[in-house]
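**Student:** Numbers given in the numbering used here equal positions in the sequence shown, counted from 1, plus 429.
Glycine included, every Cβ here is placed at the ideal spot set by N, Cα and C.
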Amino acid sequence: MSAAQRRSEAPSPLRDFLECREALRGERAGTGGEEVCAILTSKLDSAIQEIVADLPPDMAVIAVGGYGRGELSLFSDVDLMLLHDRRHPGDAASALFRPLWDAGLRVGHSVRHIAEATVAARSAFDTYTTLLTSRWLGGDPDLFDRLRRTVASVTRARPLRNHLVAAERERRRRQPYLVMEADVKAGRGGLRTLHGFEWERRREEMIGRFSPPPGPEEAEARRVLLAVRNALHAAAGRAHDSFTYELRERAARWLGTDRYELATRLVAATQQVDRLASIRGPELLVEPRRNERK
430 MSAAQRRSEA PSPLRDFLEC REALRGERAG TGGEEVCAIL TSKLDSAIQE IVADLPPDMA
490 VIAVGGYGRG ELSLFSDVDL MLLHDRRHPG DAASALFRPL WDAGLRVGHS VRHIAEATVA
550 ARSAFDTYTT LLTSRWLGGD PDLFDRLRRT VASVTRARPL RNHLVAAERE RRRRQPYLVM
610 EADVKAGRGG LRTLHGFEWE RRREEMIGRF SPPPGPEEAE ARRVLLAVRN ALHAAAGRAH
670 DSFTYELRER AARWLGTDRY ELATRLVAAT QQVDRLASIR GPELLVEPRR NERK
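1. At the level of alpha carbons, what is the spacing between proline 642 and arginine 667?
2. Start and end of the beta strand (DSSP E) containing alanine 492?
3. Do leucine 501 and cysteine 466 have their CB atoms nearer than 8 Å?
4. Please work out which residues of its chain come closer than 8 Å, Cβ to Cβ, to arginine 677, disregarding the five sequence neighbours upstream and downstream, and give them in chain order.
5. Under the rule that 16 or more other beta-carbon atoms within 10 Å means buried, what is valine 548, buried or exposed?
6. Can you name, in chain order, every residue of its own chain whose Cβ lies under 7 Å from the Cβ of glutamate 634, other than the five neighbours on each side?
7. Residues bridged to tryptophan 530 by DSSP?
8. Tell me whether tryptophan 683 is buried or exposed, calling it buried when 16 or more other Cβ atoms sit within 10 Å of its Cβ.
9. With a floor of 4 residues, list each alpha helix (DSSP H) that falls wholly inside the stretch 545–609, ordered by position along the chain.
10. Applying the criterion that 16 or more other CB atoms from any shown protein chain within 10 Å of the CB defines a buried residue, is aspartate 703 buried or exposed?
11. For methionine 510, count the other beta carbons within 10 Å of its own beta carbon; 16 or more makes it buried, fewer makes it exposed. Which is it?
12. Could you say if the stretch 600–618 and the stretch 573–584 meet the contact criterion of at least three C-beta pairs nearer than 8 Å?
13. Name, in chain order, the residues that DSSP records as bridge partners for histidine 669.
14. Touching or not, the stretch 549–561 and the stretch 484–499, by the rule of three or more beta carbon pairs under 8 Å?
15. Consult DSSP for histidine 517 and reduce its assignment to one of helix, strand or coil.
16. Can you tell which of Ser539, Arg587, Ala458 has the C-alpha that lies nearest to the C-alpha of valine 507?
17. Among residues of its own chain, excluding the 5 on either side of proline 442, which ones have a beta-carbon nearer than 6 Å to its beta-carbon?
18. Assess contact between the stretch 527–535 and the stretch 454–462, defined as three or more Cβ pairs (one per stretch) separated by less than 8 Å. Is contact present?
19. Using a Cβ-Cβ cut-off of 6 Å (strictly less than) and excluding sequence neighbours within five positions of serine 563, which residues of its own chain qualify?
20. Exposed or buried, methionine 488, counting other C-beta atoms within 10 Å across all chains shown (16 or more means buried)?
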């Protein structure tokens, strides 16, 4: 089924989202980064809230991952959790996820009992970090509050630094030097490093400590990386996060610039993120001991 057919056959709230996404792919909003993400996130929030308007009691729909952060790029995965407090969720999962799948969206989905979500937050680092920036979309708000209290208790007992430093070291091991064909999401100097900064800020806030907002250098790098990511998605017509040669001209055109200027901005942004990571985690600059390499 073509994208146009999916748009025409999608339920009304999702059709509005798909039409908005297609319009933004043709012509960006603002500078193409945060503004596009905000519009897409708002449109999808409205669509999902309409889909789950009659969600049974003891259930809640939670946005997690990039969607929870409000960083929904043009062809990002839609990360959702159906949280429940009953023996079986029944048909609620199908009612939530099926329209999204039928509309051609890539959905990162999970269905968890509140107790399962608690265990996952305590035992799985990836689940824990996605929940740090989770958002309630619909259903039982008290259930979400219970989950947030669990995340807060995990936060007090679970520092992030060692995990984030290890992840940053692995990025630098895979990519010893910053490169032009950067992966703006997961590569060295990319958005994933900035996500680590945000997770640390959320943790500090949850345990009652003051956490300063992002500085101007971090905020500017994030704006550039989000704009380039959306431009690559627009140029490819799908999720594509690497600044590959064949997409640069089209990505630059979508952003209203030329490929040389765009490449210059991207290099400056990744260099800035890399410097910020080294400043925040000076242990990155120290060769790990042998037992840390294992």
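**Tutor:** By the coordinates alone:
1. Within the sequence shown, the letter at position 213 stands for residue 642. Within the sequence shown, the letter at position 238 stands for residue 667. Straight-line spacing of the CA atoms in proline 642 and arginine 667 works out to 32 Å.
2. To locate residue 492, count along the sequence shown from 1; it is residue 63. 488–492 is the extent of the beta strand (DSSP E) around alanine 492.
3. Translated into positions along the sequence shown, residue 501 becomes position 72. Translated into positions along the sequence shown, residue 466 becomes position 37. Going by C-beta atoms, leucine 501 is nearer than 8 Å to cysteine 466.
4. By 1-based counting over the sequence shown, the position of residue 677 is 248. Excluding residues up to 5 positions away in sequence, Arg688, Leu691, Ala692 lie with their Cβ nearer than 8 Å to the Cβ of arginine 677 in the same chain.
5. Stepping through the sequence shown from its first residue, residue 548 is reached at position 119. Note on valine 548: under 16 other CB atoms within 10 angstroms of its CB, so exposed under the neighbour-count rule.
6. Counted from its first residue, the sequence shown places residue 634 at position 205. Answer for glutamate 634: Ser640, listed in chain order.
7. The count along the sequence shown starts at 1 and reaches residue 530 at position 101. Beta-bridge pairing links tryptophan 530 to no other residue.
8. What you label residue 683 is simply residue 254 of the sequence shown in a count that begins at 1. Classification for tryptophan 683: buried.
9. Those alpha helix (DSSP H) runs which fall completely within the stretch 545–609 and span 4+ residues are 554–561, 570–586, 590–603.
10. Sequence index remark: in the sequence shown, residue 703 carries index 274 (1-based). By the Cβ-count criterion, aspartate 703 is buried, with 16 or more other Cβ atoms from all chains shown falling within 10 Å of its own Cβ.
11. To locate residue 510, count along the sequence shown from 1; it is residue 81. Its Cβ being crowded by 16 or more others within 10 Å, methionine 510 is buried.
12. Short answer: they don't touch.
13. Counting from one through the sequence shown, the residue named residue 669 turns up at place 240. Partner(s): none; histidine 669 has no beta bridge.
14. The stretch 549–561 is in contact with the stretch 484–499.
15. Here residue 517 is taken as the residue at index 88 of the sequence shown, counted from 1. Collapsing the DSSP output to three states places histidine 517 in coil.
16. Along the sequence shown, one-based indexing puts residue 507 at 78. When each option's Cα is compared against that of valine 507, the closest is Ser539.
17. Indexing the sequence shown from 1 puts residue 442 at position 13. Ala476, Glu479, listed in sequence order.
18. No, the stretch 527–535 does not touch the stretch 454–462.
19. For the purposes of this step, residue 563 is identified with residue 134 of the sequence shown, where counting begins at 1. Excluding sequence neighbours, serine 563 sits near Ile491, Val493, Gly497.
20. Mapped onto the sequence shown, residue 488 falls at position 59. So methionine 488 ends up on the buried side.
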